[in-house]
Each structure stands twice: as C-alpha cells, then as structure tokens.
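Asks:
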Amino acid sequence: MPKVWTRRRAGTPEPGPARLVRSPAPNRPEIHQIVLPLAPRDTRSSAAPSSGWALDSVQVYLIEDEPLTLVDTGVRSAASRIALESALDELGYGLSDLRRIVLTHAHRDHMGLVETIRSVSPDLECWVHEADAAVVEDYGQAIRDRIEQLSSLFLEHGVPTAVVDGLHADRLAGLAVDEAEGEATRVTRRLRDGDAVAGKRIGLRVHHAPGHTPGHVLLEDEASGVLLTGDLVMGQAMPHAETCYLDEMAMPGDPARRRPRFRGLVEMRRSLRRLRGRPFGVLLPGYGGVLRRADRAIRDTLLYYDVRIQRIERGLRHLAAMGQDVTVYELWKSLFPPDEAPGPMRSHLLLLIGALDCLEEDGAVVTERREDGVLTHHHR
0 MPKVWTRRRA GTPEPGPARL VRSPAPNRPE IHQIVLPLAP RDTRSSAAPS SGWALDSVQV
60 YLIEDEPLTL VDTGVRSAAS RIALESALDE LGYGLSDLRR IVLTHAHRDH MGLVETIRSV
120 SPDLECWVHE ADAAVVEDYG QAIRDRIEQL SSLFLEHGVP TAVVDGLHAD RLAGLAVDEA
180 EGEATRVTRR LRDGDAVAGK RIGLRVHHAP GHTPGHVLLE DEASGVLLTG DLVMGQAMPH
240 AETCYLDEMA MPGDPARRRP RFRGLVEMRR SLRRLRGRPF GVLLPGYGGV LRRADRAIRD
300 TLLYYDVRIQ RIERGLRHLA AMGQDVTVYE LWKSLFPPDE APGPMRSHLL LLIGALDCLE
360 EDGAVVTERR EDGVLTHHHR
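Quick note, in numbering that gives the first Met the number 0, the sequence shown goes up one by one and the last residue is 379.
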C-alpha cells in the first residue's frame with residue numbers, strides 16, 4: 000500500500016503518546032503491535048468502583064497489507080484515539096487509510112473505536128464472529144440485557160435477593176463507563192470457524208475459540224506460526240469466561256429444568272485444549288506483550304483454571320460431608336472473604352458457576368433443583 004504524507008514527515012509533533020512495537024514476530028514483519036491506554040480503576044468515579052481496568056493498556060495489531068487491516072481497536076476514548084493515530088502516523092498512515100477491522104471479540108476494549116474510525120473512513124469494513132455480531136451491532140442494549148441476566152443467574156444459584164440487589168446496583172453504576180468506552184457499529188461480515196482473512200501477502204485463518212465470549216476468535220498465520228489470541232491467552236492476566244442465557248425456555252429433558260446457557264468456562268477449556276501441542280511460534284495477545292513460549296502460555300492458562308476447579312471441588316466435598324445443601328452461594332461463603340467488594344464477589348460467583356459447569360461436564364457433579372427453585376450440587 001502506498002505511504003501517505005503524515006504529520007511525522009511534515010516535521011510536526013506527534014499527537015500524543017503511543018507504544019508501537021514494530022514487527023514483534025520477525026518472520027511476519029507486516030504485523031505491528033500498537034499499545035493503547037486504558038483508564039485504571041483508581042481514576043474512576045467512586046460511583047462505579049467495579050468498572051475500571053486492572054491493566055493500563057490493551058494491544059491491537061496493524062496488518063500492513065492490502066487492505067490495511069486493524070485487529071481490534073481499544074476503547075472509545077480521546078486518549079486511545081490519539082495513541083492509535085500516533086502509532087499509525089509513525090508507520091506512515093492515518094485512520095482514514097484503514098479499510099478493514101477484524102474483532103477478536105465483542106468487548107469494549109477491543110471494539111470501542113470502530114465507529115469512531117468509520118467517521119473518517121466511511122467504507123471501513125468490520126468483521127466479527129457471528130456469535131458476537133449481535134452485541135457489536137446493539138452494544139448498549141446487549142450490556143443491559145447481560146446485567147439483568149446476571150441477577151437471574153445469581154438468584155437461581157442461591158444468592159440472597161438482598162445480595163443480588165447490591166451486585167446489580169453496583170453493576171448498573173458502571174454502565175455509564177461501558178457506554179462511554181464502547182459503541183455499537185454495523186457488522187460487515189459475520190465470521191465462522193475456518194474462514195480466511197485474506198490480503199495480498201498475508202492470509203489469516205479464523206479459529207472459533209469460544210469461552211471468553213461466545214464468538215471469540217483466534218487468527219492464525221499458518222505460514223509463519225503466528226497466532227493472534229485476543230483474550231484467550233494473555234501475558235499479564237488470565238481470561239475470564241462469560242456465561243449467559245440463550246433462551247427463556249427450559250432445556251428439554253433436563254431434570255433440573257434449566258434454561259440453555261452459554262457455559263463459558265466449559266467452552267474455554269475446550270478452546271485451550273485444542274491449542275495444546277500445536278507448533279505456534281509466537282502468540283500475539285490482547286494483553287501482556289509478546290508470548291514466545293507459546294505452548295507454555297497455553298498450558299499455564301489451562302493450569303490456572305484446573306487448580307481452581309480442583310479447589311472448588313474440594314470445597315463442595317467439604318460442605319457435603321457436613322450435610323449442607325450445597326449452592327453456589329454456600330460455596331462462595333466457604334471459599335472467599337465475607338466482606339468482598341462487589342466486583343470481586345461477582346467474578347468469584349461466576350468462577351464458581353463455571354467450575355461447577357466443568358465438573359458436571361466431566362461427570363463428577365450432579366445438579367438438581369430444590370422446591371424453592373434454587374440449584375444445588377452434589378458429587379455422583
């Protein structure tokens with residue numbers, strides 16, 4: 000693609016700070032890592048204590064090919080846009096030169112700037128997996144729906160109404176941040192597993208890797224062994240797994256009369272297990288630099304969750320031995336501090352639900368429904 004006249008070439012100052020890592024995978028010099036800022040938790044309003052970012056930056060990737068392609072975008076913020084413009088400028092481009100954005104998944108730190116970029120590049124295409132497309136196209140409503148679903152999920156798993164109300168209020172307090180940093184945009188192409196993201200020189204293969212979200216994807220350059228991992232495998236953190244209801248009606252044949260649900264941790268384990276032993280050379284994640292020991296990073300992520308699932312299984316056995324009716328809430332009380340802030344408590348409840356999903360998938364646990372509608376769990 001021809002270079003354009005830029006501020007850098009004109010001798011004017013850069014528009015803001017950016018961290019550009021040129022060609023982090025030497026055998027694929029056309030891919031560049033751009034590190035964009037996030038607002039950390041301690042700069043947020045006290046009204047939304049659970050809505051900030053644990054890390055201070057997210058990584059997106061420019062593929063210097065035709066069409067000029069950006070993988071993920073960062074959040075919608077002035078600082079993020081300035082940093083992206085600065086990095087593109089250093090490479091000789093502007094936002095208006097971008098022709099295609101491929102999203103690894105539909106979270107605001109990965110899709111927030113798409114519509115902003117479209118304002119200066121009207122023909123920009125946005126590609127995302129079909130299972131995440133509805134969230135991208137109606138982001139605000141999708142977030143509100145998920146918040147409401149979360150309350151129903153926690154009530155079904157035995158969390159008292161007063162506690163659920165507190166968690167719900169805390170999450171609603173963070174909604175303004177979600178809506179400020181994320182914005183709905185039109186999806187041009189809905190991806191499926193095995194699709195190609197083709198350019199003149201580089202062809203990436205789409206691997207559907209659900210877990211973190213239903214439509215999370217990996218992008219593999221099979222020629223070089225480079226894998227863009229989104230948030231499935233990261234360098235400075237561990238991914239969380241989403242869970243959400245898929246229908247209002249109970250699953251046919253389920254004795255516990257449960258609604259069908261996306262079981263994120265079950266899916267994440269499957270996605271990670273499919274990657275074990277594959278000959279990847281370099282992993283390019285959404286967080287945590289560049290991962291050059293690919294198989295170790297994949298196995299470490301699996302181990303992180305395997306250890307926690309084992310701990311939760313021991314907690315289940317302990318409560319059952321005491322003759323207790325084991326719900327997710329009773330497990331939480333036995334394993335975590337009683338004065339947890341809403342954010343960590345919400346995360347730990349979801350971890351417990353995910354771990355029990357995995358244990359049920361493994362044939363180790365049975366789930367039943369009490370007369371009051373609450374789900375309980377016991378070993379086979």
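Glycine residues also receive a C-beta, built at the ideal position from the N, C-alpha and C atoms.
May I ask you to report which of helix, strand or coil DSSP gives L97?
Replies: Residue state, collapsed to three classes: coil.
Asks: Taking just the CA atoms, how far does L37 sit from R43?
Replies: Any reading at R43 must be qualified, since the residue scores a pLDDT of 41, below 50, and its modelled position is unreliable; the value itself is stated next. In a straight line, the C-alpha of R43 is about 11 Å away from that of L37.
Asks: Going along the chain, which unbroken runs of the beta strand (DSSP E) with 3 or more residues stay wholly within the region 89-135?
Replies: Qualifying beta strand (DSSP E) stretches, in chain order: 99-101, 124-128.
Asks: Going by the DSSP bridge assignment, what does D220 pair with across the sheet?
Replies: According to DSSP, which records beta bridges pairwise, D220 is partnered with V225.
Asks: Mind checking whether D96 and G214 have CB atoms under 7 Å apart?
Replies: Contact flag unset, no.
Asks: Could you please give me the residues that DSSP links to Q58 through a beta bridge?
Replies: BP columns for Q58 point to V34.
Asks: Using a Cβ-Cβ cut-off of 7 Å (strictly less than) and excluding sequence neighbours within five positions of V105, which residues of its own chain qualify?
Replies: For clarity, residue 105 is Ala in the given sequence; the question names Val instead. So the qualifying residues of the chain are V127, D131, V134, V135, T212, G214.
Asks: What does R204 pair with, by DSSP beta-bridge criteria?
Replies: A195, E219, per the DSSP bridge assignment.
Asks: So what's T300 in DSSP terms, helix, strand or just coil?
Replies: Reduced to three states, the DSSP call for T300 is helix.
Asks: The ligand PLP and S333: does the residue's C-beta get closer than 6 Å to at least one heavy atom of that ligand?
Replies: Ligands in the displayed structure: none, and consequently the ligand PLP is not present.
Asks: For R8, which residues from the same chain have a beta carbon less than 6 Å from its beta carbon, with the 5 sequence-adjacent residues on both sides left out?
Replies: In this prediction, R8 has a pLDDT of 32, which is less than 50 and means its spatial position is unreliable; what the coordinates show is noted afterwards. Hits under 6 Å: none found.
Asks: When you compare each of A86, A82, W52 to E63 by their alpha carbons, which one comes out closest?
Replies: The shortest Cα separation from E63 among A86, A82, W52 belongs to A86.
Asks: Helix or strand or just coil, what does DSSP make of E422?
Replies: Because the chain spans 0 through 379 in this model, residue 422 falls outside it and cannot be assessed.
Asks: Exposed or buried, V101, counting other C-beta atoms within 10 Å across all chains shown (16 or more means buried)?
Replies: The residue in question, V101, is buried, as its Cβ has 16 or more Cβ neighbours within 10 Å.
Asks: I'd like the list of long-range same chain contacts for D122, defined as Cβ closer than 8 Å, with 5 residues on each side in sequence excluded.
Replies: Around D122: R98.
Asks: Mapping the DSSP letters down to three states, classify R273 as helix, strand or coil.
Replies: In the structure shown, R273 sits in a helix (DSSP, three-state: H, G or I).
Asks: CA-CA distance, D246 and A255?
Replies: Each residue's alpha carbon lies about 15 Å from the other.
Asks: Give the DSSP-derived three-state secondary structure of H377 in the structure shown.
Replies: If DSSP states are grouped into helix, strand and coil, H377 belongs with the strands.
Asks: Could you give the DSSP three-state label for T160: helix, strand or coil?
Replies: Three-state DSSP puts T160 in a helix.
Asks: Nearest to G342 by alpha carbon, out of A24, V162, V119?
Replies: The shortest C-alpha separation from G342 is found at V162.
Asks: Using C-beta distances below 6 Å, list every residue in its chain close to Y138, excluding the 5 sequence neighbours before and after it, in chain order.
Replies: G181, A183.
Asks: Quick one: grab the DSSP three-state call for Y244.
Replies: Strand, per DSSP.
Asks: Taking 8 Å as the cut-off, does the region 302-321 touch the region 203-212 (at least 3 CB pairs, one atom from each stretch)?
Replies: Taking 8 Å as the limit for Cβ pairs, the verdict is that the region 302-321 does not touch the region 203-212.
Asks: Quick check on the burial criterion: 16 or more other C-beta atoms within 10 angstroms. Buried or exposed for T68?
Replies: Looking at its Cβ environment, which holds 16 or more other Cβ atoms inside 10 Å, T68 is buried.
Asks: Count the other C-beta atoms from every protein chain shown that fall within 10 angstroms of the C-beta of V306, then say buried if there are 16 or more, exposed otherwise.
Replies: Label assigned to V306: exposed.
Asks: Based on the DSSP secondary-structure assignment, which residues constitute the bridge partners of V281?
Replies: In the DSSP output, where bridge partners are listed per residue, V281 has V225.
Asks: Identify which residue in E329, I311, L315, C357 has its Cα closest to the Cα of R269.
Replies: For the residues E329, I311, L315, C357, the minimum Cα distance to R269 belongs to C357.
Asks: Taking only beta-carbon positions, decide if H376 is within less than 7 Å of chain B.
Replies: Of the protein chains in this structure there is only one, and it is not chain B.
Asks: Is it true that the region 229-239 meets the region 151-158, where meeting means three or more beta-carbon pairs spaced less than 8 Å apart?
Replies: Verdict: no, contact absent.
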